[in-house]
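Written below as structure tokens is the structure these notes are about.
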Amino acid sequence: MKNDFLTLGIETSCDETSAAITSDGRSILSNCIFSQIKWHEKFGGVVPEIASRKHLEAICHVTQKALDDAKIEFSDIDLVAVTCGPGLVGALLVGVSYAKGLSYALKKPLVGVNHIEGHIFANFLENDFAPPFICLVVSGGHTHLVYVKDYGEYELLGQTVDDAAGEAFDKTARALGLGYPGGPLIDKAAKAGNENAISFPIAHIKDRKLSFSFSGLKSSVLNYLNNARQKGIPIVVEDVAASFQKAVVDALVDNTLEAAKTKNCRTIALAGGVAANNKLREQLTKAAGDGYSIHYPEPILCTDNAAMIACSGYYRYSMGFISDMTLNAYANLKLF
Ligand code: KG4
Ligand code: ZN
């Protein structure tokens, strides 16, 4: 492939409309992210139909801004990469349809990208990090422990048996009246709290030691709050946030280090929105000690963005993958 191969990435799987330009897959020339949070927060979560409509309104402007920021024209693009799943199907369809139209009009190749693979590939942006490594993928919809053997080669080692880690953050934040999305708000509140104030349980799943379970933890936070309200005991939101966050982070860190031992792999990476969590980043680095090398994308590249989609699309294309005009949106697209 030519030097300075330019990929346009498009991401519309949930509530961020994003377009980005990368050069040679890894260098970010632009990464525009239009957040829809203000339209969803009053409902306490993402409303799928609103998400689709907002993507439709924003996609052309966001893409033009990505081109302007990168100081390029549509005709300079070499590849169009778009998230085709998993995610909200109506939201995905906006990005996929737009990307197909662009690819057809520009006569440039199109590649459909798996959103989860995009999160993993965020680790390759702006640095020369490479497989093999253990990756903990923690987002609003996914909690996976993956052994990344090579680019595009994965072994799933463990996953959640119920709620995703991000979902647990969002539901707990709602119960605490903190707002949406819950992860960053709990992260912030927890800084002022005592993480040992309340001992919340973490489920250990017999015979499935690399699995996660967060629904019991969510129920125990709800029970704690109901009990305190009934008995008139004051609720210190910061302490509940910190104690809940500790329970989640302990489980994530323990299993991640266990996975690294199982695979005899000394390199660990974090990916997905929850990878932006300060406590998780700190605790993993501390618990791993000197024997491991720990990587995580900068916070803006942990949450949904199109630069990670452009990066993953570039690698898929260089490995010979290409999509055609039958590309569709797949709500439950699998990676493993
Ligand atoms: O990867 P992402 O942007 O979207 C999905 O693919 O789901 O992840 C969003 C999730 C939300 O649940 C959000 O609360 C969580 O990531 N999140 C965080 C933090 N920032 C975002 N969770 C904990 N701490 C954070 N700082
Ligand atoms: Zn995501």
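Numbering-wise (this note's numbering), the sequence shown opens with residue 3 and increments by one. Positions of the beta carbon are idealized from the N, C-alpha and C atoms, including for glycine.
The alpha-carbon of A243 is positioned some 29 Å away from that of P88.
When only Cα atoms are considered, Y100 and F338 end up about 27 Å apart. Taking A290 as the centre and dropping the five residues before and after it, the same chain places the C-beta of I296 closer than 6 Å to its C-beta, in chain order.
The shortest C-alpha to C-alpha distance from G11 to any of L219, S29, L147 and A177 is the one to S29. Look at the beta carbons and you see the segment 247-265 not touching the segment 114-121: under three pairs across the two are nearer than 8 Å. Contact between the segment 152-159 and the segment 174-184 is absent: fewer than three C-beta pairs spanning the two stretches fall below 8 Å. Per DSSP, the unbroken beta strand (DSSP E) holding L158 starts and ends at E155 to Q161.
The criterion of a C-beta distance shorter than 8 Å is not satisfied by V140 and I118.
The segment 235-249 and the segment 188-207 touch, with three or more beta-carbon pairs separated by less than 8 Å. The DSSP-derived three-state label of S221 is helix.
Between C137 and the set L158, S314 and L224, the nearest pair of CA atoms involves L158.
When Cβ pairs closer than 8 Å are counted between the two stretches, the segment 57-65 is seen not to touch the segment 162-169, the count staying below three. With contacts defined by Cβ atoms closer than 8 Å, G103 and T85 do not form a contacting pair.
A direct Cα-to-Cα measurement between A205 and S217 gives close to 9 Å.
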